[in-house]
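Only one structure is covered here, and it is reproduced in the block below.
Protein chains: 4
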Amino acid sequence: MCLTEEQKTEIEAQRAGHAATRRATVPALEEMLYRAIPVLDHGFIRVVDYMGDDGAVVQAARVSYGRGTRQVSEDAGLIRYLMRHRHTTPFEMCEIKYHVKLPIFVARQWIRHRTANVNEYSARYSILDREFYIPAPEHLAAQSAVNRQGRGAVLAGQEAAQVFDILREDAARCYHHYVEMLNEGAGGAPADPGRQGLARELARMNLTLNTYTQWYWKTDLHNLLHFLSLRADAHAQYEIRAYAEAMLVSVEAWVPATFAAFCDYRLGAVTFSAAMLSVLRRLLAGETVGQEGSGLSKREWAEMMEVLGRQG
Amino acid sequence: MCLTEEQKTEIEAQRAGHAATRRATVPALEEMLYRAIPVLDHGFIRVVDYMGDDGAVVQAARVSYGRGTRQVSEDAGLIRYLMRHRHTTPFEMCEIKYHVKLPIFVARQWIRHRTANVNEYSARYSILDREFYIPAPEHLAAQSAVNRQGRGAVLAGQEAAQVFDILREDAARCYHHYVEMLNEGAGGAPADPGRQGLARELARMNLTLNTYTQWYWKTDLHNLLHFLSLRADAHAQYEIRAYAEAMLVSVEAWVPATFAAFCDYRLGAVTFSAAMLSVLRRLLAGETVGQEGSGLSKREWAEMMEVLGRQG
Amino acid sequence: MCLTEEQKTEIEAQRAGHAATRRATVPALEEMLYRAIPVLDHGFIRVVDYMGDDGAVVQAARVSYGRGTRQVSEDAGLIRYLMRHRHTTPFEMCEIKYHVKLPIFVARQWIRHRTANVNEYSARYSILDREFYIPAPEHLAAQSAVNRQGRGAVLAGQEAAQVFDILREDAARCYHHYVEMLNEGAGGAPADPGRQGLARELARMNLTLNTYTQWYWKTDLHNLLHFLSLRADAHAQYEIRAYAEAMLVSVEAWVPATFAAFCDYRLGAVTFSAAMLSVLRRLLAGETVGQEGSGLSKREWAEMMEVLGRQG
Amino acid sequence: MCLTEEQKTEIEAQRAGHAATRRATVPALEEMLYRAIPVLDHGFIRVVDYMGDDGAVVQAARVSYGRGTRQVSEDAGLIRYLMRHRHTTPFEMCEIKYHVKLPIFVARQWIRHRTANVNEYSARYSILDREFYIPAPEHLAAQSAVNRQGRGAVLAGQEAAQVFDILREDAARCYHHYVEMLNEGAGGAPADPGRQGLARELARMNLTLNTYTQWYWKTDLHNLLHFLSLRADAHAQYEIRAYAEAMLVSVEAWVPATFAAFCDYRLGAVTFSAAMLSVLRRLLAGETVGQEGSGLSKREWAEMMEVLGRQG
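Sequence lines, in order, name chains A, B, C and D.
The working numbering numbers the first residue of the first sequence as -4 and each following residue consecutively.
The working numbering numbers the first residue of the second sequence as -4 and each following residue consecutively.
The working numbering numbers the first residue of the third sequence as -4 and each following residue consecutively.
The working numbering numbers the first residue of the fourth sequence as -4 and each following residue consecutively.
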């Protein structure tokens, strides 16, 4: 992550400001407000605003006049109840806004979550910075042999070296040509007076998908948790998972009771189908059950045994 | 509006609390925070939380690292530009939450705006208060003769008296029977030990549509302005317009530059169709144009002449 | 359900029409198209249009040029895979539209599902019919003693008789007064020439919440299944569950493979929290576990034992 | 646009199939169903399914039991009324689904319209085809000097030749390296047995933004019209406008009455702000008004005069 001095100054100026407010305020989140938390090689997330706290969830669930808080333990119990029974609307009453810098191919996965507000840096209007994502050596993985959308072993040796060369050189060359086609010099004058310069909205098409972009992204707590349950999952692509994991830290600081319930009832939870539930009851009754007599496919059987920590 | 002493105490306790925050803060909105603003005979709106300000709109439009503010006049200019060209996403970066008490028939109109978060007081879980909307005499209007969904002259004399009697007596009787069927006494015991009491989720069906309900309602600034442009309009039913007008006051306090642009480009604006635009050009060229040669229907012609302040 | 002769004629006229189409067509759903299926005492649902079938789910998942169908068994396997792994977007590619007649208090629960399109009969513009929901004797339930939003035993004897009297008389009186205040006679003339008649948008507030309304409601298959998983659930209020169950029949006719996967992975499935999963592993390892050593609350423990079909 | 023989065969097989349906059917849209309409150099749109027609808009607005159609002229009048007064929900009752092939940088603009359903071809799971967008010579435009997000004159001569060389060579080289890093040979074996091959989800990051992708995109008529009003506009980037214009043809075939109203009240309409309306009234009253005394900025004044076809 390379913030310019000017950017650091702007961030610190915001952090230095304080105002008095009657709103619900969370000191632990205030502490990290505006700070850029590094993700991948040049990316970051930073919380730029928030609204509400654990108490706001309780307040909305009770449609109360005051703060909604009785005792901390009672509130946590209600939050656990809401999470367990999928009463999702009270969690929609909290809102958070992030500034995120991320590679374009990650942005394309991210944007599939539609219930959020987004303002992206416009490459139609402005010029993108010269920054590309190059995986760290330990994340340069081969295609998985068993899962068409998964990764296998880490590449090493000459193959890894060649891949790094390709990624770096192609991104650099494409960016160099992007700037050349734009032909923009200092102060608005053309760099080369003999050329007009290609329109920004066209020149950008020459960039590679690992070029970094950035956006403001705002969503409510319920939709954020849904996003995180999918993107912090082991099946998510590593690059977006890295962002999800950084965001989990901010959620824990922001709404600790909700976060704890989320870990128990979502992140760490498992859903059994009707057929699996039937197998489970037979197992608990002491019956010996194998895949063949289970009614489950081999894949489902294997998944279930893994979850239960048993040999198939 | 009749807040109980307990409710007033809860509200004042919230207003008394202050915390330091690094977030964007709007003193004018802080001043009205939590306070119930009366609407209709027993309803209210009150702002219970907010996120962002005019600067947050600018910040998102520029995807900037700092506050996004240059000079106040420059920011206002950008906000006017965004509003005029319907660049709506920067306005989605501000969020506001209201606690609203409103008659059920108004709630049913309101909920048609789907891009918002809602937590309503549950009559399945709790017992509704004994409060019904009865129009003020000056709002007890006859059916319009020309507009099937509009109002005509105000009812007066004996007809008005009869209507008031009906509205009051039917609402009161239905509520009385609601409580009777519930049969709930003090401390959870039945009021009449000889009866079980009807389930709350069923008993509520006996209430009339002017019974008050309440909810927490949260939305972003763009969707709020869309709601207000429709519901503060002269064609909206008076009862929901009363809420929209109270909310406009909070918007003006919250985001004054956005509010000014909204008044100019939305509330006070008029859209001319292609056919109307053609008429307009002919009029400006000094041509005499009547409805018949205009290509407009009689209704459209009348609407256009009214907007232009001309005799048809 | 009382359709007028005119309504029956309109429905049969639509059913009689046939056209040739190149679109995916489902004979089993065509067979029930437009027919009103009774729900509660005067309500109904009827499918008025649909788009797509099981094959459209497969087609979208594969982004294929043709029909997307290989073998029926292979398609069903893919649909099961998508359902199990919560790949929800392919199910959004099918759409269905219902015409529904339902009591207003049910409509108010229903509308909380926001990702749908709705056009409701306007009581601001038109006059509602004289139809109210009165529960069947076997659904006239007492308040549950253990669950604040549940039902207990069925009311009987004199208490039931009194409740039925109240519900019938209050609804009838309110409706009678509604018509009287409207004062609309035949052909647009006032019924009583001495009165102006109250505006429709106001008169409606005198109606009780069990008055029937109707709407066109359209949604995609994914959001429909989400609606049904919540509203066909045993914890849903009986009155909305009755609608959900009638809709399940249309889903089974429309997309049989999706319906089967939905029954297995949603309707019949159970989610265990991280803490429950830990208990499960201990039980399967032969350990004796009681509530106290389980880390679960009494309520969670009871819920888990019930799901597993065990004595606590 | 280069469809393979296999794709053409699949499309023709779908077109050859016919089934009888009771649903609303539009012969003019059936005629173009499934056919790929070329857009840009390798892209296309094709309608793959639809639901409803002009009559369905009328039917929903009236919440009628039958077809909703009285006379064609009466229906068209109602549709014009709904469009003029922005009663948008009846237009949500029609749905259409497109299969679109488009460059990634266009897909990124398109996806900002969130109220739609999307299934995109997955480059995490599959390998993208070797197809890139290269502008036609007449669309290779310079940056606009006056509008930061617009285009100026067309590039010509040596500058154009250089740009074409860069675009073609960089896209080709990046794609070549993409395939090389993947190292996938025939039948699943590696192309070069000495290398493992980079994971697909990583290799794709080396592609340029003009690479073509494809998706199934489904939306309702109201949101489609909103999309088209923004993307068929003269201010939209040419490349997405080309798609919008091809889609307008399908809308005209599908819902001709709605399309006509849309052209009059949206595409050809102009909105005047409160300040502009005040100027208009003065002009119509014969007053001489210049920019300085108008209360409008120079830019607004110029825009207004252009719309009115007057010299400023």
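Heads up, the beta-carbon is just placed ideally off N, CA and C, and yes, glycines get one too.
Val53/D: which of Arg30/D, Ala31/D, His82/D sits nearest, CA to CA?
Position 58 of the fourth sequence, counting from 1, holds the residue named residue 53/D. Sorting Arg30/D, Ala31/D, His82/D by C-alpha distance to the C-alpha of Val53/D places His82/D at the top.
Do Ala19/C and Gly38/C come within 7 Å of each other at the CB atom, strictly closer than that value?
Residue 38/C sits at position 43 when you count from the first residue of the third sequence. Residue 19/C sits at position 24 when you count from the first residue of the third sequence. Taking C-beta atoms as the reference points, Gly38/C and Ala19/C fail to come closer than 7 Å.
What alpha helix (DSSP H) runs, 4 residues minimum, are completely inside the stretch 219 to 268 of chain B?
Entirely contained in the stretch 219 to 268 of chain B, the alpha helix (DSSP H) runs reaching 4 residues are, in chain order, 233 to 249, 251 to 257.
Near-chain C residues of the stretch 188 to 214 of chain D - C-beta to any C-beta below 8 Å
Under the 8 Å Cβ criterion, the stretch 188 to 214 of chain D contributes Gln209, Trp210, Tyr211, Lys213.
When you compare the CB positions of Ala252/C and Ile91/C, do they come within less than 7 Å of one another, or not?
As a position in the third sequence, residue 252/C is number 257, starting the count at 1. As a position in the third sequence, residue 91/C is number 96, starting the count at 1. Result no, Cβ atoms of Ala252/C and Ile91/C do not sit closer than 7 Å.
How would you list, in chain order, the residues of chain B whose beta-carbon sits under 7 Å from the beta-carbon of Glu154/C?
Indexing the third sequence from 1 puts residue 154/C at position 159. Those within 7 Å of Glu154/C in chain B are Arg190, Gln191.
If contact is defined by three or more beta carbon pairs under 8 Å, each pair taking one atom from either stretch, is the stretch 93 to 108 of chain C in contact with the stretch 201 to 210 of chain C?
Two segments are said to touch when three or more pairs of C-beta atoms, one from each, lie closer than 8 Å; by this definition the stretch 201 to 210 of chain C touches the stretch 93 to 108 of chain C.
For the stretch 17 to 44 of chain C, enumerate the residues whose C-beta is nearer than 7 Å to any C-beta of chain A, in chain order.
Taking 7 Å as the Cβ-Cβ cut-off, the stretch 17 to 44 of chain C has no residue approaching chain A.
Identify the continuous alpha helix (DSSP H) that holds Val67/D and give its terminal residues.
By one-based count along the fourth sequence, residue 67/D stands at place 72. That run of the alpha helix (DSSP H) goes 67 to 79.
Apart from the five residues on each side of it in sequence, which residues of its chain come closer than 7 Å, Cβ to Cβ, to Leu193/A?
Here residue 193/A is taken as the residue at index 198 of the first sequence, counted from 1. Excluding sequence positions up to five before and after Leu193/A, its CB lies within less than 7 Å of the CB of Met176, Leu177, all in the same chain and listed in chain order.
With C-beta atoms as the reference, is Glu88/A less than 7 Å away from Ala51/A?
Looking up residue 88/A in the first sequence gives position 93. Looking up residue 51/A in the first sequence gives position 56. Here residue 88/A is Met; the residue named in the question, Glu, does not match the sequence. The criterion of a C-beta distance shorter than 7 Å is satisfied by Met88/A and Ala51/A.
Inter-residue Cα distance where the pair is Arg10/C and Tyr29/C
The count along the third sequence starts at 1 and reaches residue 10/C at position 15. The count along the third sequence starts at 1 and reaches residue 29/C at position 34. For Arg10/C and Tyr29/C, the distance between alpha carbons rounds to 7 Å.
Asn201/D and His230/D: beta carbons closer than 7 Å?
Numbered from 1 along the fourth sequence, position 206 holds the residue referred to as residue 201/D. Numbered from 1 along the fourth sequence, position 235 holds the residue referred to as residue 230/D. No, they are not a contact pair.
Could you give the distance in angstroms between the alpha-carbon of Gly285/D and the alpha-carbon of Ala264/B?
Locating residue 285/D in the fourth sequence gives position 290, counting from the first residue. Locating residue 264/B in the second sequence gives position 269, counting from the first residue. Each residue's CA atom was taken as its position, placing Gly285/D and Ala264/B some 20 Å apart.
Residues of the stretch 76 to 94 of chain B in Cβ contact with chain A at a cutoff of 7 Å, in chain order, please.
For the stretch 76 to 94 of chain B, which is checked against every Cβ of chain A, the residues closer than 7 Å are Thr84, Pro85, Glu87, Met88, Glu90, Lys92.
Which of helix, strand or coil DSSP assigns to Pro130/A:
For the purposes of this step, residue 130/A is taken as residue 135 along the first sequence, with counting starting at 1. Looking at Pro130/A - three-state DSSP - the assignment turns out to be coil, as it is neither helix nor strand.
Can Ala111/D and Pro85/D be called in contact, C-beta distance under 7 Å?
Counting from one through the fourth sequence, the residue named residue 111/D turns up at place 116. Counting from one through the fourth sequence, the residue named residue 85/D turns up at place 90. It is not a contact, given that the beta carbons lie outside the stated cut-off.
Of the residues Tyr60/A, Ile235/A, Tyr45/A, the one placed nearest Lys3/B, counting alpha carbons only:
Against the second sequence, residue 3/B aligns to sequence position 8. Measuring from the Cα of Lys3/B, the nearest candidate turns out to be Tyr60/A.
Please report how far the alpha carbon of Cys258/A lies from the alpha carbon of Ala269/C, in whole angstroms.
Indexing the first sequence from 1 puts residue 258/A at position 263. Indexing the third sequence from 1 puts residue 269/C at position 274. Ala269/C has its alpha-carbon roughly 8 Å from the corresponding atom of Cys258/A.
In chain order, what residues of the same chain have a beta carbon less than 8 Å from the beta carbon of Ala248/C, not counting five sequence neighbours either side?
On the third sequence, residue 248/C is found 253 positions in, with the first residue counted as 1. Answer for Ala248/C: Val21, Ala23, Leu24, Glu26, Met27, listed in chain order.
Member of Glu126/D, Arg125/D, Arg103/D whose CA lies at the smallest distance from the CA of Glu115/D
By one-based count along the fourth sequence, residue 115/D stands at place 120. Comparing alpha-carbon positions, the option among Glu126/D, Arg125/D, Arg103/D lying closest to Glu115/D turns out to be Arg103/D.
Here's the rule: buried if 16 or more other CB atoms are within 10 angstroms of the residue's CB, otherwise exposed. What is Ser245/A?
Along the first sequence, read from residue 1 onward, the residue named residue 245/A stands at position 250. Classification of Ser245/A: buried, given that the 10 Å Cβ count is 16 or more.
Comparing alpha-carbon positions, which option in Val141/B, Ala151/B, Asp36/B lies nearest Arg294/B?
Residue numbering aside, residue 294/B sits at position 299 when the second sequence is read from its first letter. Considering only alpha carbons, the answer is Val141/B.
Along the stretch 215 to 227 of chain B, where does the CB come closer than 7 Å to a CB of chain E? Name the residues.
Absence of chain E from the displayed structure is noted, the protein chains being A, B, C and D.
Taking the straight line between their C-alpha atoms, what separation do you get for Ala156/D and Gly72/B?
Residue 156/D sits at position 161 when you count from the first residue of the fourth sequence. Residue 72/B sits at position 77 when you count from the first residue of the second sequence. Taking the straight line from one Cα to the other gives about 40 Å.
Against chain A, which members of the stretch 48 to 74 of chain B pass a CB distance test of less than 8 Å?
Per Cβ criterion, the list reads Ala51, Gln54, Ala55, Ala56, Val58, Ser59, Tyr60, Gly61, Arg62.
Drop a sphere of 10 angstroms on the beta-carbon of Thr16/D, count the other beta-carbons inside from all chains shown, and report buried for 16 or more, exposed for fewer.
Stepping through the fourth sequence from its first residue, residue 16/D is reached at position 21. Thr16/D comes out buried.
Is the stretch 215 to 231 of chain A touching the stretch 227 to 243 of chain C, taking contact as three or more C-beta pairs under 8 Å?
In short, these stretches do not touch, since the Cβ pair count stays below three.
Does the beta carbon of Gln9/B sit closer than 7 Å to a beta carbon anywhere in chain A?
Reading the second sequence from its first residue, position 14 is the one you call residue 9/B. With a threshold of 7 Å between beta carbons, Gln9/B makes contact with chain A.
Return the residue from the list Thr(-1)/B, Ala297/B, Ser139/B, Arg261/B that minimises the CA-CA distance to Ala184/C.
If you number the third sequence from 1, residue 184/C lands on position 189. Of the residues Thr(-1)/B, Ala297/B, Ser139/B, Arg261/B, the one whose Cα lies closest to the Cα of Ala184/C is Ser139/B.
Enumerated in chain order, which unbroken segments of the alpha helix (DSSP H) with a length of 4 residues or greater are wholly contained in the stretch 96 to 128 of chain A?
Taking 4 residues as the minimum length, the alpha helix (DSSP H) runs contained wholly in the stretch 96 to 128 of chain A are 99 to 105, in order along the chain.
Round the Cβ separation of Leu197/C and Ala136/B to the nearest angstrom and send it over; I've been treating them as touching at under 8 Å.
Walking along the third sequence from the start, residue 197/C turns up at place 202. Walking along the second sequence from the start, residue 136/B turns up at place 141. Under the criterion of beta carbons closer than 8 Å, Leu197/C and Ala136/B qualify as touching, at roughly 7 Å.
Cβ-based neighbour list, Ser224/B, same chain, cut-off 7 Å, excluding 5 preceding and 5 following:
Translated into positions along the second sequence, residue 224/B becomes position 229. If we look at Ser224/B and ignore the five residues flanking it on each side, its Cβ neighbours are Arg261, Leu262.
Drop a sphere of 10 angstroms on the beta-carbon of Glu282/C, count the other beta-carbons inside from all chains shown, and report buried for 16 or more, exposed for fewer.
Within the third sequence, residue 282/C is the residue found at index 287, counting from 1. Counting Cβ neighbours within 10 Å, Glu282/C comes out exposed, since fewer than 16 surround it.
Once DSSP output is grouped into helix, strand and coil, what is the label at His94/D?
Within the fourth sequence, the letter at position 99 stands for residue 94/D. Reduced to three states, the DSSP call for His94/D is strand.
Alpha carbon to alpha carbon, how far is Val158/B from Ile161/C?
Position 163 of the second sequence, counting from 1, holds the residue named residue 158/B. Position 166 of the third sequence, counting from 1, holds the residue named residue 161/C. Cα atoms of Val158/B and Ile161/C: separation of roughly 22 Å, rounded to the nearest angstrom.
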